[in-house]
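Q:
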Amino acid sequence: MDPYSFSSSAAMAQQTWELENNIVTMETPQSSESDAIFYYDESAQTKFQQDKPWQNDPHYFKRVKISALALLKMVVHARSGGTIEVMGLMQGKTDGDAIIVMDAFALPVEGTETRVNAQADAYEYMVEYSQTNKQAGRLENVVGWYHSHPGYGCWLSGIDVSTQMLNQQYQEPFLAVVIDPTRTVSAGKVEIGAFRTYPEGYKPSDEPVSEYQTIPLNKIEDFGVHCKQYYSLDVTYFKSSLDCHLLDLLWNKYWVNTLSSSPLLGNGDYVAGQISDLAEKLEQAEGQLSHSRFGPLITPTQRKKEEESQLAKITRDSAKITVEQVHGLMSQVIKDILFNSVRPSHKSQPESSGPEPMVQS
Amino acid sequence: MTSSSSGLTFKLHPLVIVNISDHHTRVRSQSQPPVANGGDATSSSSSSNSLAPRVFGCVIGVQRGRTVEIFNSFELLYDSSSHSLDRSFLEKKQELYKKVFPNFYILGWYSTGADAEDSDMQIHKALMDINESPVYVLLNTVINHAQKDLPVTIFESEMHVIDGIPQLRFVRSSYTIETVEAERISVDHVAHLKPSDGGSAATQLAAHLTGIHSAIKMLNSRIRVLHHYLNAMQKGEIPCENSLLRQVSSLLRRLPAIESEKFQDDFLMEYNDTLLISYLAMFTDCSSTMNDVVDKINIAYERHTRRGGRTTAFI
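Protein chains in written order, with the numbering used here: chain A, 1 to 361; chain B, 362 to 676.
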């Protein structure tokens, strides 16, 4: 009857799940050696800056490590913007072929549609903020910028690509990060992407396989034109041992929020937008399909393959939307069963909460 | 330290906690360069904990009526000779933060350590001209694995008359952890290192359900504790505490949570919407598969386009 034995069996269940799914913890948080990542070695950094190993290899940086604090700040800032793009800068350092992001801060910049550009007073802000930070003990330099794409996925638009190419000429080493707060909330996992552009005219030797994500129809052109000009980096996260400890303890108060979260409520607009976008894509695909019906000779097999994959993409997108909705509904139903089905004795209708005919209350 | 009687409710966001912890870790590791070989890393860490310098900073947020919600924080410079915080630095930083977060006001300050010290009162008083009753957030950075509670305490100041002299004293306040959905997901993400790629639908489902499952397990364990306690009270092992009984009774009376007609209607509508979406998705999937089949049949059974052996080119 020891109440604390339940939390340990939960820990065991989580470990079994982690094992089954081959989850490898990137750093062992218990050892204080991993806290070494927080140490800023000024001399090593300046030496690295002078060496510039990235000039010879456009694909030099392959990984990004983001600290828990930076991630939290970026996601909260991105979400606070609502449907407006926001941007900010990231501070950190480099470590071999990895860029380490230690902190992030927001910039007072208004973004419109696909145009997010820092104006003069944003530069002033940046300089002042960096100065005060250095005084307060954060010695790292600005190592990248982040901005949000609320609702339309993590990729670089045309403007973003040109901004990043400029950055990579004058402010190396520099990284671009894109966050989608709407999809984060809808899917229940963080949607984030880290990118670096290739220099002008460089053709990547192999086609990197990137994770598929659905892009709304009105943005798909912008995406398609520029998607070959940059590559994405692997993102991993790290936290200090104290962070680990605190986050574990935080769970003791946090579980209430997990149980009471209602993902369906907040994202109604976004889901409706996704469905209508899918409908448009379907119409497009249908238009292309009907042509190929009557001209099987004229259209070579390649084109047929494209249509099929277009329809397959639409199917995958619709499946994704459905899965998210079903997850949200599951939470609602569970909450309903937990907190509403208390009085089975005086039910006026035969089913206690209607929509769950298979479940005993 | 007596508990606060000001009647203010405090809400703390996890971002503040991670901020303070990061500040402390940074200062600690900067003052202590990491050992090259991990030989005596453990011994150096235990000694560094006791020598770790205290860090100071400011907390900002919103106060609406009696609720104080602390959203964010930033670092401040501490002048140990005069036991005060650098005022001009504070104002500079405040301006910067005002540009990006115009709604947030300075609500108080934070520091690390095991307990509030007397010198802290000076700092507290200095902040009183910005905010007439600032809060003091204290984080205990010593990692104690036996501890089950968050080592974060929130102090308020109250005027107490001691030996005839009115003095300001720190009193503890209770607080709740408040969060927005996006914050919760990212904290979850970092805390449990969930798989970051899409995975199959099965792993996503498993992840989602595991989260809810752990939360329900916590709820269950808490209820069992209460149940155990009440049983003991009934058997007479523990003296009856009426205030606790009243609280439990009011808690029980809150269930069922909602039972109105309107709720049932809305709930069923939401349920039907989701069913409709899954129906549409199934439909799309089916039509896509059908399309594939029809294409394949067309290719395999082309009769009117045969031109002497050309059909084989398509297979």
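The beta carbon of each residue, even a glycine, is placed where N, CA and C say it ideally should be.
Predicted, not measured: the structure shown is a model, and the values here were computed from it.
1) Counting only Cβ pairs nearer than 9 Å, list the residues of chain A close to residue 605 of chain B.
2) With DSSP run on the structure shown, which of helix, strand or coil describes residue 415 of chain B?
3) Candidates A:320, A:245, A:319, A:317: which alpha carbon is nearest residue 500 of chain B's?
4) For residue 240 of chain A, return the contacting residues in chain B, with the cut-off set at a CB-CB distance below 8 Å.
5) Using only CA atoms, which one of A:129, A:154, A:195 lies nearest to residue 403 of chain A?
6) Out of B:426, B:414, B:430, which one is the CA nearest neighbour of residue 420 of chain B?
7) Does the distance from the C-beta atom of residue 90 of chain A to that of residue 104 of chain A stay below 8 Å?
8) Going by beta-carbon coordinates alone, are residue 551 of chain B and residue 68 of chain A separated by less than 8 Å?
9) Hey, does residue 145 of chain A have any beta-carbon neighbour from chain B nearer than 8 Å?
10) Where residue 641 of chain B and residue 271 of chain A are concerned, what is the direct C-alpha to C-alpha distance, given to the nearest angstrom?
11) Find out if the Cβ-Cβ distance for the pair residue 190 of chain A, residue 75 of chain A is shorter than 8 Å.
12) To test your reading of the DSSP string, which unbroken alpha helix (DSSP H) runs of 4 or more residues are found completely within the stretch 443 to 525 of chain B?
13) Take the Cβ of residue 376 of chain B as the centre, count every other Cβ of all protein chains shown within 10 Å, and call the residue buried at 16 or more, exposed below.
14) Give me the Cβ distance between residue 175 of chain A and residue 40 of chain A, rounded to the nearest whole Å; I'm assuming they're in contact under 8 Å.
15) If you check the beta carbons only, do residue 514 of chain B and residue 326 of chain A fall under 8 Å apart?
16) Does any CB atom of chain B fall closer than 8 Å to the CB of residue 315 of chain A?
17) Between residue 632 of chain B and residue 264 of chain A, which are expected to be in contact by the criterion C-beta below 8 Å, what is the C-beta distance as a whole number of angstroms?
18) Can you give me the Cβ contacts of residue 225 of chain A inside the same chain, cut-off strictly under 8 Å, excluding the 5 residues immediately before and after it?
19) Contact criterion: CB-CB distance below 8 Å. Does residue 166 of chain A meet it with respect to chain B?
20) In the stretch 446 to 460 of chain B, which residues sit with their C-beta less than 7 Å from some C-beta in chain A, listed in chain order?
21) Give the secondary structure of residue 618 of chain B by DSSP, where H, G and I count as helix, E and B as strand, and everything else as coil.
22) For residue 538 of chain B, is the classification buried or exposed, using 16 other Cβ atoms within 10 angstroms of its Cβ as the cut-off for buried?
23) May I ask you to report which of helix, strand or coil DSSP gives residue 224 of chain A?
24) On the DSSP letters alone, give me the boundaries of the beta strand (DSSP E) that residue 91 of chain A sits inside.
25) In its own chain, which residues sit with a C-beta less than 7 Å from the C-beta of residue 491 of chain B, not counting the 5 before and 5 after it?
26) Using three-state DSSP, classify residue 234 of chain A as helix, strand or coil.
27) Give the interface partners of residue 321 of chain A over in chain B, defined as CB-CB distance under 8 Å, in chain order.
28) Which value, in whole angstroms, describes the spacing of the CA atoms of residue 45 of chain A and residue 383 of chain B?
29) Is there a C-beta anywhere in chain A that falls below 8 Å from the one on residue 632 of chain B?
30) On a CA-only basis, which of B:579, B:524, B:605, B:436 is nearest residue 132 of chain A? Give me that one, please.
31) What does the alpha-carbon distance come out to for the pair residue 646 of chain B and residue 259 of chain A?
32) Note down, one range per segment and in chain order, each beta strand (DSSP E) of at least 3 residues found wholly within the stretch 529 to 601 of chain B.
33) Against chain A, which members of the stretch 499 to 531 of chain B pass a CB distance test of less than 9 Å?
34) Can you pull the chain B neighbours of residue 339 of chain A, defined as C-beta to C-beta under 7 Å?
35) Is the shortest distance between the beta-carbon of residue 404 of chain B and the beta-carbons of chain A less than 8 Å?
36) From residue 481 of chain B to residue 387 of chain B, what does the alpha carbon distance come to, in whole angstroms?
A: Let me lay it out:
1) Along the second sequence, one-based indexing puts residue 605 of chain B at 244. None at all; the shortest Cβ gap to chain A is about 17 Å.
2) Translated into positions along the second sequence, residue 415 of chain B becomes position 54. Residue state, collapsed to three classes: coil.
3) If you number the second sequence from 1, residue 500 of chain B lands on position 139. Just measuring C-alpha positions, the residue of A:320, A:245, A:319, A:317 sitting nearest residue 500 of chain B is A:245.
4) Looking up residue 240 of chain A in the first sequence gives position 240. Chain B residues near residue 240 of chain A: 382, 383, 386.
5) Coverage of chain A is limited to positions 1 through 361, which leaves residue 403 of chain A absent and any answer about it impossible.
6) One-based indexing of the second sequence puts residue 420 of chain B at position 59. Minimum Cα-Cα distance from residue 420 of chain B among the listed residues B:426, B:414, B:430 corresponds to B:430.
7) Locating residue 90 of chain A in the first sequence gives position 90, where the first residue counts as 1. Locating residue 104 of chain A in the first sequence gives position 104, where the first residue counts as 1. Result yes, Cβ atoms of residue 90 of chain A and residue 104 of chain A sit closer than 8 Å.
8) Position 190 of the second sequence, counted from the first residue, corresponds to residue 551 of chain B. Position 68 of the first sequence, counted from the first residue, corresponds to residue 68 of chain A. Yes.
9) As a position in the first sequence, residue 145 of chain A is number 145, starting the count at 1. No, residue 145 of chain A lies away from the interface with chain B (no Cβ there is under 8 Å from its Cβ).
10) If you number the second sequence from 1, residue 641 of chain B lands on position 280. If you number the first sequence from 1, residue 271 of chain A lands on position 271. Residue 641 of chain B and residue 271 of chain A: Cα-Cα distance of roughly 14 Å.
11) The sequence position of residue 190 of chain A within the first sequence is 190, counting from 1. The sequence position of residue 75 of chain A within the first sequence is 75, counting from 1. Cβ atoms of residue 190 of chain A and residue 75 of chain A: closer than 8 Å.
12) Listed in chain order, the complete alpha helix (DSSP H) runs (minimum 4 residues) inside the stretch 443 to 525 of chain B are 448 to 461, 480 to 487.
13) Taking the second sequence and counting its residues from 1, one reaches residue 376 of chain B at position 15. By the 16-neighbour rule on beta-carbons within 10 angstroms, residue 376 of chain B is buried.
14) Taking the first residue of the first sequence as position 1, residue 175 of chain A is located at position 175. Taking the first residue of the first sequence as position 1, residue 40 of chain A is located at position 40. About 17 Å; that fails the 8 Å criterion.
15) Translated into positions along the second sequence, residue 514 of chain B becomes position 153. Translated into positions along the first sequence, residue 326 of chain A becomes position 326. No; because the gap between Cβ atoms is not below 8 Å, this pair is not in contact.
16) For the purposes of this step, residue 315 of chain A is taken as residue 315 along the first sequence, with counting starting at 1. At least one chain B Cβ lies under 8 Å of residue 315 of chain A.
17) The sequence position of residue 632 of chain B within the second sequence is 271, counting from 1. The sequence position of residue 264 of chain A within the first sequence is 264, counting from 1. So it is not a contact: roughly 10 Å between Cβ atoms.
18) Walking along the first sequence from the start, residue 225 of chain A turns up at place 225. Excluding positions up to five away in sequence, the list reads 158.
19) Start at 1 with the first residue of the first sequence, and residue 166 of chain A comes out as number 166. Not closer than 8 Å to any Cβ of chain B, the Cβ of residue 166 of chain A fails to qualify, so no.
20) 450, 453, 454, 457, 460
21) For the purposes of this step, residue 618 of chain B is identified with residue 257 of the second sequence, where counting begins at 1. In the structure shown, residue 618 of chain B sits in coil (DSSP, three-state: anything other than H, G, I, E or B).
22) Reading the second sequence from its first residue, position 177 is the one you call residue 538 of chain B. Taking all protein chains shown into account, residue 538 of chain B has 16 or more neighbouring C-beta atoms within 10 Å of its C-beta and is therefore buried.
23) As a working note, residue 224 of chain A is residue 224 in the first sequence. In this structure, DSSP gives residue 224 of chain A a helical state, which the three-state scheme calls helix.
24) As a first step, residue 91 of chain A must be located in the first sequence, where it is residue number 91. Note, residue 91 of chain A: beta strand (DSSP E), 87 to 95.
25) For the purposes of this step, residue 491 of chain B is identified with residue 130 of the second sequence, where counting begins at 1. So the qualifying residues of the chain are 467.
26) Along the first sequence, one-based indexing puts residue 234 of chain A at 234. The answer is strand: DSSP assigns residue 234 of chain A an E or B state.
27) Position 321 of the first sequence, counted from the start, is the residue given in the question as residue 321 of chain A. Here the neighbours are 638, 642.
28) For the purposes of this step, residue 45 of chain A is taken as residue 45 along the first sequence, with counting starting at 1. For the purposes of this step, residue 383 of chain B is taken as residue 22 along the second sequence, with counting starting at 1. Cα to Cα, residue 45 of chain A sits roughly 21 Å from residue 383 of chain B.
29) Stepping through the second sequence from its first residue, residue 632 of chain B is reached at position 271. Closer than 8 Å to the CB of residue 632 of chain B there is at least one CB belonging to chain A.
30) The residue given as residue 132 of chain A occupies position 132 in the first sequence. Residue B:436 holds the alpha-carbon nearest to the alpha-carbon of residue 132 of chain A among B:579, B:524, B:605, B:436.
31) Here residue 646 of chain B refers to the residue found at position 285 when the second sequence is read from its first residue. Here residue 259 of chain A refers to the residue found at position 259 when the first sequence is read from its first residue. Rounded to whole angstroms, residue 646 of chain B to residue 259 of chain A spans 32 Å at the Cα level.
32) 536 to 538
33) 500, 502, 504, 505, 506, 508, 509, 510, 511, 512, 513
34) In the first sequence, the residue the question calls residue 339 of chain A occupies position 339. Here the neighbours are 616, 617, 618.
35) Here residue 404 of chain B is taken as the residue at index 43 of the second sequence, counted from 1. Low confidence applies here, because residue 404 of chain B scores a pLDDT of 39, under 50, leaving its location unreliable; read the following figure in that light. No, residue 404 of chain B does not count as interfacial toward chain A.
36) Reading the second sequence from its first residue, position 120 is the one you call residue 481 of chain B. Reading the second sequence from its first residue, position 26 is the one you call residue 387 of chain B. Rounded to the nearest whole angstrom, the CA to CA distance from residue 481 of chain B to residue 387 of chain B is 22 Å.
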